Amino acid sequence: MEKFLIHGGHPLHGSICTSGAKNAALPAMAAALLTDQPVILNHVPHVRDIRTMARLLADIGAEVRAEGERYTICAGQIRNPEAPYELVKTMRASSLALGPLLARTGLARVSLPGGCAIGARPINLHIHGLEKLGARIRQEHGYVHAEAPGGLKGGVIPFERITVTGTEDLLMAAVLADGETLLENAAREPEVEDLAELLVKMGAHIEGAGTGTIRVRGVPRLGGAEHAIIPDRIEAGTFLVAGAMTGGELEVTGARPDHLHALLDKLREAGADLSIAASGAMRARGPTRWAPVDVATQEFPGFATDLQAQWMALCTQAHGVSVITERIFENRFMHALELVRMGADITIEGSRAVVQGKTALSGAGVLASDLRASASLVLAGLVASGETVIDRVYHIDRGYEKIEEKLSRVGARIRRVE
Ligand code: EPZ
Numbered sequence: 000m001e002k003f004l005i006h007g008g009h010p011l012h013g014s015i016c017t018s019g020a021k022n023a024a025l026p027a028m029a030a031a032l033l034t035d036q037p038v039i040l041n042h043v044p045h046v047r048d049i050r051t052m053a054r055l056l057a058d059i060g061a062e063v064r065a066e067g068e069r070y071t072i073c074a075g076q077i078r079n080p081e082a083p084y085e086l087v088k089t090m091r092a093s094s095l096a097l098g099p100l101l102a103r104t105g106l107a108r109v110s111l112p113g114g115c116a117i118g119a120r121p122i123n124l125h126i127h128g129l130e131k132l133g134a135r136i137r138q139e140h141g142y143v144h145a146e147a148p149g150g151l152k153g154g155v156i157p158f159e160r161i162t163v164t165g166t167e168d169l170l171m172a173a174v175l176a177d178g179e180t181l182l183e184n185a186a187r188e189p190e191v192e193d194l195a196e197l198l199v200k201m202g203a204h205i206e207g208a209g210t211g212t213i214r215v216r217g218v219p220r221l222g223g224a225e226h227a228i229i230p231d232r233i234e235a236g237t238f239l240v241a242g243a244m245t246g247g248e249l250e251v252t253g254a255r256p257d258h259l260h261a262l263l264d265k266l267r268e269a270g271a272d273l274s275i276a277a278s279g280a281m282r283a284r285g286p287t288r289w290a291p292v293d294v295a296t297q298e299f300p301g302f303a304t305d306l307q308a309q310w311m312a313l314c315t316q317a318h319g320v321s322v323i324t325e326r327i328f329e330n331r332f333m334h335a336l337e338l339v340r341m342g343a344d345i346t347i348e349g350s351r352a353v354v355q356g357k358t359a360l361s362g363a364g365v366l367a368s369d370l371r372a373s374a375s376l377v378l379a380g381l382v383a384s385g386e387t388v389i390d391r392v393y394h395i396d397r398g399y400e401k402i403e404e405k406l407s408r409v410g411a412r413i414r415r416v417e
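If you count by numbering that gives the first Met the number 0, then the sequence shown holds residues 0 to 417, one letter each, in order.
The structure is reproduced here in structure tokens:
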């Protein structure tokens, strides 16, 4: 199993370019199932989850061609409307096939995702929404069997709680439904907006994407399109924190500052010196003395749960007590226990983590658990004295494209070993 070896204490300097957003590319790839025409996606990141989605689409019967960052997907024939357990258990975003398969063929068999390191993460809201569009759904042998033989009918879907892939799944189901669909309490993440942009290019009628209420007027069929995936705001945020935390100064290019206002505000509050160029390039330089800053994760545009672990790593270097409240997932503090092994002083109280800083971190052997927790261990390793060995780095490869190469180019002493 591959590991990262990190030798800490080296400030980062230079410029890092952001890759395309995994969490925008995944729904966009699934959207290709909605048409028999080719869908071309550019700026697709080379990460493990993208390869898993490509495999799923090929198993379903689509032709998938990858040339660098460009994916051409053509679902001319849907041979097998199924997302099998062996794929879904490695990537819960496979549930994004549910809506499009049902809309295109009137049939979908998708394995229930099962548990995940950060929480139960059911898909009950996806299922409930599809039933509102007329789907008949039963769960059997760990699979969701969904049927809509006469096609889906538009309806009103008031989401009980905000769900990103739930909104995306239902959006993709609604674009081919007969009549009008209203998604209320919809997710406002930039990745939802990006999916809607692609669907509109394919011929869908969608209003309000990026707000809490999305109105869709169904059409009989969709065509092909070409679309560039938005930059990865979580990768960009991770690198901004990394640069500032190591006492260096990193420029992060290719990302969208308007996707990161919550993080930028918190970095400023903690004492970082930030500058944003007209090009959107962001620079972050850390203060000599970080101030503690409380954070509560929220749906977009609030502070992203996917940046919570990285923020916790930063808080270990702040002088004072920072309280981090995780409001989205019920078990997203695994990184805390690993940070404590590196010398951090963190107490978990339910959905709150109380970080007492500043503590000197010392390199240790640590275990990556979920994608973003692993990123926080990389950040901690960059500032820890001595060597940190991070095991199970396949978690990181799911969502970060060659993170050790990008960081090495700006002065980090990090390498991948068997
Ligand atoms: C998306 O997951 C992202 N994944 C996650 O990123 C991200 O952490 C999450 O949104 C929150 O921003 C992708 O976009 C592929 P949710 P998703 O449905 O859609 C509960 C990463 O690091 N819920 O918004 O699965 C759920 O348990 C990943 O790239 C239900 O109860 O998250 C959670 O507590 C990790 N029933 C909350 O809602 C449902 O049917 C928000 O989940 C659906 C969700």
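Even for Gly, the Cβ is constructed at its ideal location relative to N, Cα and C. In this text, all values refer to a predicted model and were calculated from it rather than measured experimentally.
What does DSSP give as the partner residue(s) for residue i in the beta ladder?
{"i": "Tyr70", "result": "Leu40 and Ala65"}
{"i": "Gln503", "result": "Any answer about residue 503 is impossible in this case: the structure gives the chain only from 0 up to 417."}
{"i": "His226", "result": "Leu40"}
{"i": "Gly364", "result": "Val388"}
{"i": "Ser14", "result": "Glu250"}
{"i": "Gln307", "result": "Looking at the DSSP assignment, Gln307 forms no beta bridge with any residue, so it has no partner."}
{"i": "Val155", "result": "Leu181"}
{"i": "Ser321", "result": "Val354"}
{"i": "Ser94", "result": "Paired residue(s): none; Ser94 is not in a bridge."}
{"i": "Phe238", "result": "Note: Phe238 sits in no beta bridge, so no partner."}
At a cut-off of 7 Å, would you count residue i as near the ligand EPZ, judging by its Cβ distance to the nearest heavy atom?
{"i": "Ile122", "result": "yes"}
{"i": "Ala61", "result": "no"}
{"i": "Leu40", "result": "no"}
{"i": "Thr304", "result": "yes"}
{"i": "His258", "result": "no"}
{"i": "Arg371", "result": "yes"}
{"i": "Glu146", "result": "no"}
{"i": "Val294", "result": "no"}
{"i": "His394", "result": "no"}
{"i": "Leu101", "result": "no"}
{"i": "Lys2", "result": "no"}
{"i": "Glu190", "result": "yes"}
{"i": "Ile327", "result": "yes"}
{"i": "His125", "result": "yes"}
Quick check on residue i: buried or exposed, where buried means 16 or more other Cβ atoms within 10 Å of its Cβ?
{"i": "Asn79", "result": "exposed"}
{"i": "Cys314", "result": "buried"}
{"i": "Met333", "result": "buried"}
{"i": "Glu196", "result": "buried"}
{"i": "Asn22", "result": "buried"}
{"i": "Asp257", "result": "exposed"}
{"i": "His140", "result": "exposed"}
{"i": "Met463", "result": "Residue 463 cannot be examined here, being either before or after the span of the chain that is shown, 0 to 417."}
{"i": "Ser110", "result": "buried"}
{"i": "Glu190", "result": "buried"}
{"i": "Arg187", "result": "buried"}
{"i": "Gly251", "result": "Rather than Gly, the amino acid found at residue 251 in this sequence is Val. Buried."}
Could you tell me whether any non-hydrogen atom of the ligand SAM is closer than 7 Å to the CB of residue i?
{"i": "Glu68", "result": "The ligand SAM is absent from the structure shown, which contains only the ligand EPZ."}
Give me, in chain order, the residues of the same chain whose beta-carbon lies closer than 6 Å to that of residue i; leave out the 5 immediate sequence neighbours on both sides.
{"i": "Ala383", "result": "Gly7, Met341, Leu360, Ser361 and Gly362"}
{"i": "Glu62", "result": "Cys73"}
{"i": "Gly118", "result": "Phe328, Glu329 and Asn330"}
{"i": "Gly19", "result": "His42, Val43, Pro44 and Ile228"}
{"i": "Thr346", "result": "Val353"}
Given this structure, state the Cα-to-Cα distance separating residue i from residue j, to the nearest angstrom.
{"i": "Pro300", "j": "Leu55", "result": "31 Å"}
{"i": "Glu234", "j": "Val240", "result": "10 Å"}
{"i": "Glu329", "j": "Ala276", "result": "37 Å"}
{"i": "Lys131", "j": "Met201", "result": "24 Å"}
{"i": "Gly217", "j": "Ala224", "result": "18 Å"}
{"i": "Leu97", "j": "Gly13", "result": "43 Å"}
{"i": "Ile389", "j": "Leu336", "result": "14 Å"}
{"i": "Ala303", "j": "Ser350", "result": "15 Å"}
{"i": "Val174", "j": "Gly279", "result": "33 Å"}
{"i": "Ile229", "j": "Pro26", "result": "12 Å"}
{"i": "Leu406", "j": "Ala295", "result": "28 Å"}
{"i": "Ile15", "j": "Ile323", "result": "28 Å"}
{"i": "Glu403", "j": "Gly356", "result": "27 Å"}
{"i": "Ile136", "j": "Val143", "result": "7 Å"}
Might you give, ordered along the chain, the residues of its own chain that have their beta carbon closer than 8 Å to the beta carbon of residue i, omitting 5 neighbours on each side?
{"i": "Val292", "result": "Lys265, Glu268, Ala269, Cys314, Ala317 and Ser321"}
{"i": "Pro157", "result": "Glu183 and Asn184"}
{"i": "Thr162", "result": "Leu124, His125 and Ala186"}
{"i": "Lys401", "result": "His45"}
Note down, in chain order, each residue of its chain lying with its Cβ closer than 7 Å to the Cβ of residue i, except the 5 sequence neighbours on either side.
{"i": "Leu86", "result": "Thr51, Arg54, Leu55 and Ser93"}
{"i": "Leu95", "result": "Leu25, Pro26, Ala29, Thr164, Glu167 and Asp168"}
{"i": "Ala172", "result": "Gly98, Leu101, Ala102, Leu129, Leu132 and Leu151"}
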